[in-house]
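Encoded as structure tokens, the structure appears first; notes follow it.
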């Protein structure tokens, strides 16, 4: 009597499609595969095969697939009760980079976010520990005295409401990423998940500045942000392959505004700031970077790193709608330092996390 062959799982069928007919791979297959993977229903071999196939066929650089991965992660993320304090995703901004640019510069987006929060804009910074640099956003904040694990999502919303700043520690809000952590480390090359970070802030802000480390990813990331519901955004890439606005020269910008996409370049002179070599804005370990930020907020340091922060804070203020242009953004950001408001915002945030 013939024995029926066991049916292949849907993930196995998807893997076969990726290997034999990658042009036939669909968004529905991507969603189902990522759902299974992030729910712990895939083996490490299947996860590695899926991520490697996407990379080989460059499917992980497609905006619709990046946005689909973000959708699955957000569906499984720890909820953030913004409404408990009368807030919504329309009230919040974020500034974040994909990382992996290899330049190991100072923690500029974290610092810029604190300064922008001091202007009254609500900044929900989504970040993690260092992976390719010496100091990630979580590392520097811990060195400043913040607790990354002691406060709950409700605490984060309270801090956002009272101090205008919250840090959403990625590990806490995306526990499903634990299912892919070991495989990603073993693969040793960037995968789809390296591009998803800026899209999975659990409060889903409608405005953001996002840095990418390669210019060809600029329009891709902007399209993925649009697909994810972001309404105003700037995606930036310094000409050196920097995932921030560069203090050293031109930065490519892709902007989403009123449904329209524009592309242009900016230069530090457009902000009324000096040009500085990237060597002058290198970061150190978390404690070193924390000390630099404290000196800047105390008004004790007026150097290349200050200008680097002002560049990126200005962009976020323009995206937030508080500044009409780059120079006004710089002036608003600088005023928070000169008046002590930025120092006070950080102090209140640190106290609130303890």
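In the UniProt record's numbering, the protein residues as written are 1 to 354.
We put the beta carbon where it would ideally sit given N, CA and C, even for glycine.
Computed from a prediction, not measured in an experiment: that's the story for all the values here.
Quick check: what's the CA-CA separation for residue i versus residue j?
i           : j           : result
residue 136 : residue 167 : 12 Å
residue 295 : residue 31  : 46 Å
residue 58  : residue 122 : 36 Å
residue 195 : residue 300 : 36 Å
residue 24  : residue 18  : 8 Å
residue 345 : residue 80  : 21 Å
residue 138 : residue 107 : 10 Å
residue 353 : residue 259 : 37 Å
residue 206 : residue 42  : 33 Å
residue 350 : residue 147 : 8 Å
residue 128 : residue 105 : 16 Å
residue 306 : residue 276 : 11 Å
residue 159 : residue 165 : 6 Å
residue 14  : residue 60  : 15 Å
residue 286 : residue 243 : 19 Å
residue 337 : residue 62  : 40 Å
residue 297 : residue 36  : 46 Å
residue 304 : residue 44  : 45 Å
residue 232 : residue 178 : 31 Å
residue 218 : residue 190 : 17 Å
residue 93  : residue 323 : 14 Å
residue 247 : residue 126 : 23 Å
residue 284 : residue 241 : 19 Å
residue 245 : residue 270 : 12 Å
residue 171 : residue 50  : 23 Å
residue 29  : residue 70  : 15 Å
residue 185 : residue 230 : 30 Å
residue 325 : residue 86  : 29 Å
residue 257 : residue 90  : 14 Å
residue 340 : residue 222 : 35 Å
residue 145 : residue 124 : 18 Å
residue 274 : residue 120 : 27 Å
With a 10 Å radius around its C-beta and 16 neighbouring C-beta atoms as the bar for buried, classify residue i as buried or exposed.
i           : result
residue 279 : exposed
residue 142 : buried
residue 16  : exposed
residue 198 : buried
residue 268 : buried
residue 314 : buried
residue 39  : exposed
residue 88  : exposed
residue 320 : buried
residue 149 : exposed
residue 175 : exposed
residue 154 : exposed
residue 173 : buried
residue 169 : buried
residue 9   : exposed
residue 33  : buried
residue 56  : exposed
residue 103 : buried
residue 4   : With a pLDDT of 39 at residue 4, under the threshold of 50, the modelled position of this residue cannot be trusted; read the value that follows with caution. The residue in question, residue 4, is exposed, as its Cβ has fewer than 16 Cβ neighbours within 10 Å.
Would you kindly check if the distance between the Cβ of residue j and the Cβ of residue i is under 8 Å?
i           : j           : result
residue 310 : residue 333 : yes
residue 157 : residue 84  : yes
residue 202 : residue 77  : yes
residue 68  : residue 27  : yes
residue 342 : residue 118 : yes
residue 227 : residue 64  : yes
residue 234 : residue 255 : yes
residue 183 : residue 48  : yes
residue 11  : residue 46  : yes
residue 236 : residue 253 : yes
residue 140 : residue 312 : no
residue 261 : residue 74  : no
residue 316 : residue 72  : no
residue 251 : residue 263 : no
residue 272 : residue 327 : yes
residue 187 : residue 54  : no
residue 330 : residue 308 : no
residue 66  : residue 224 : yes
residue 370 : residue 163 : Residue 370 is absent from the structure shown; the chain starts at 1 and stops at 354.
Does any heavy atom of the ligand SAM sit closer than 7 Å to the C-beta of residue i?
i           : result
residue 292 : In the structure on display, the ligand SAM does not appear, and there are no ligands present to speak of.
Evaluate the contact criterion for the stretch 105-123 versus the stretch 286-295: three or more CB pairs, one atom per stretch, below 8 Å.
yes
Counting Cβ pairs, one atom from each stretch, are 3 or more of them under 8 Å apart for the stretch 93-103 and the stretch 196-212?
Contact holds: three or more Cβ-Cβ distances are below 8 Å.
Can you list, in chain order, the stretches of the beta strand (DSSP E) that have 3 or more residues and sit fully within the stretch 213-267?
As far as the stretch 213-267 is concerned, its whole beta strand (DSSP E) runs of at least 3 residues are 232-238, 251-257 and 260-266.
Taking only runs that begin and end inside the stretch 161-193, name each unbroken beta strand (DSSP E) of 3 or more residues, in chain order.
Whole beta strand (DSSP E) segments, 3+ residues: 165-169.
Alpha helix (DSSP H) runs contained entirely in the stretch 62-115, provided each spans 4 or more residues
63-75
Which runs of the alpha helix (DSSP H) fall wholly inside the stretch 267-297 and span at least 4 residues, in chain order?
286-297
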